[in-house]
Amino acid sequence: MRYVVAGYVVILTVLFLYAVQLVWRRRRLARAVARVSVADGPPGAPGAGGVS
Amino acid sequence: MTAEPFVTDSATATPAHPPAPSAPKTVVNPPPVQSSRSRAVERVAGVLALVGTVTTVWLGLWVTPPDAAQGDLVRLVYVHPGVAWVALYLAFGLAAVSSVLYLWPRTRSLFWDRLAAAAVEVGVVFNVCTLVSGSIWGKPTWGVWWAWDARLTSTAVLLVLFLGYLALRRVPAEPDVRARRSAFVALFAAVDIPIVHFSVNWWNTLHQGATVLNPGLTLKIHGSMAWTLLLGFVSLTLVFVWMLLVRYRVGVLEDWLDANELGLALAERQSEGSGAPGPAARPVGVA
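Residue numbers (the working numbering), protein chains in the order written: chain A, 7 to 58; chain B, 1373 to 1659.
This is the structure:
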């Protein structure tokens, strides 16, 4: 049974860590896009903020 | 990149309306905003994937009976074929189809290139899960962690080929050039997919034959075991869909930043030349 548990743990851990990394990467990029659009456009321009 | 070339105010201004020296504007591409529908689809897929995966684990570890021949080791079969299905057929298959659609002149669009890149990255993660879980199943069953068996070897070769695809995408190039060469590599790598699938029929292998995707498409497993296996397939497919959506979005944001950071850099150089202050806040550390 320990091989079975090890198999489940490996699969679920790898998928979970990849999912967390994806969400974190998207948030970081969305923040960077918002910063660039705010820095480059006039205040209140479309796209200034609200990027997800 | 399908984005329009960068246009600066100074380039488009007429003599009657000279640009204000303190406000050089560069980026004309609107930032990519995710639609509420796409966000809702992503959320639903995520919740269903989570519920399905938790249910599969519960059924697989606690509810289904041990197998007469394999004992408790059969419980690994509820997840191992599922991750293999996602990696081989969904992810790498989708990457191959997307690459063909990119190379086909009538359907050429960077959408297909981004989709292929997203599918390959997610597929590589699932391929690693396939090899590791198969190896963990093989040790108590065959007595070894690894055998140079046709199915195992061809699956490992597939992983190396698609790792090469991801490495190639990191080589600096124009988006169209990168997309074209990536599409060719994806198609070259995809030749291995049918080899992996038919390896158990073409060669005398240690690996057992297909339980579901066999030539007659007949289930060789029954009762609660069959339902748990099928639920595992569905749940892992939903996990793939959710990851694909998020990874595609990451690609869109990366491409937008790559293109618009160049525009910002040009604006800074222009403002240095004219003595005007450049854009206030350049992002740092954005890959």
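We put the CB at the ideal spot given by N, CA and C, even for glycine. All values reported here derive from a predicted model rather than from experimental measurement.
Only those residues of the segment 1458-1477 of chain B whose C-beta falls short of 9 angstroms from the nearest C-beta of chain A would be listed, and there are none. Remark: C-beta atoms of A1488 (chain B) and S1471 (chain B) approach each other more closely than 7 angstroms. Residues of chain A whose Cβ lies closer than 7 angstroms to the Cβ of P1453 (chain B) do not exist, since the nearest Cβ in that chain is about 12 angstroms away.
Nearest Cα to F1464 (chain B) within the set B:D1521, B:A1545, B:E1493, B:R1409: B:E1493.
Close to V20 (chain A), with beta-carbon spacing below 8 angstroms, are these residues of chain B in chain order: V1497, V1500, C1501, V1504. Under the three-state reduction of DSSP, D1439 (chain B) is assigned to strand. Under the Cβ criterion of 7 angstroms, R8 (chain A) is not counted among the residues facing chain B.
Between the C-alpha atoms of A1440 (chain B) and C1501 (chain B) there is a straight-line separation of about 26 angstroms. Counting along the chain, L1462 (chain B) sits inside no alpha helix (DSSP H), nor does DSSP assign it H or E at all. A direct Cα-Cα distance of roughly 35 angstroms separates L1422 (chain B) from P1547 (chain B). As the crow flies, the alpha-carbon of S1407 (chain B) is around 19 angstroms from that of A38 (chain A). Fewer than three pairs of CB atoms, one per stretch, sit closer than 8 angstroms, so the segment 1556-1564 of chain B makes no contact with the segment 1594-1612 of chain B. DSSP places R1542 (chain B) in the coil class of the three-state scheme, outside both helix and strand. DSSP, read as helix, strand or coil, puts S1471 (chain B) in helix.
Nearest in C-alpha terms to Y24 (chain A), of all of B:A1562, B:A1522, B:R1619, is B:R1619. Using a CB distance cut-off of 7 angstroms, R31 (chain A) counts as an interface residue toward chain B.
Interface annotation, V39 (chain A): in contact with chain B, CB-CB separation under 7 angstroms. In this structure, DSSP gives Q1406 (chain B) a state outside helix and strand, which the three-state scheme calls coil.
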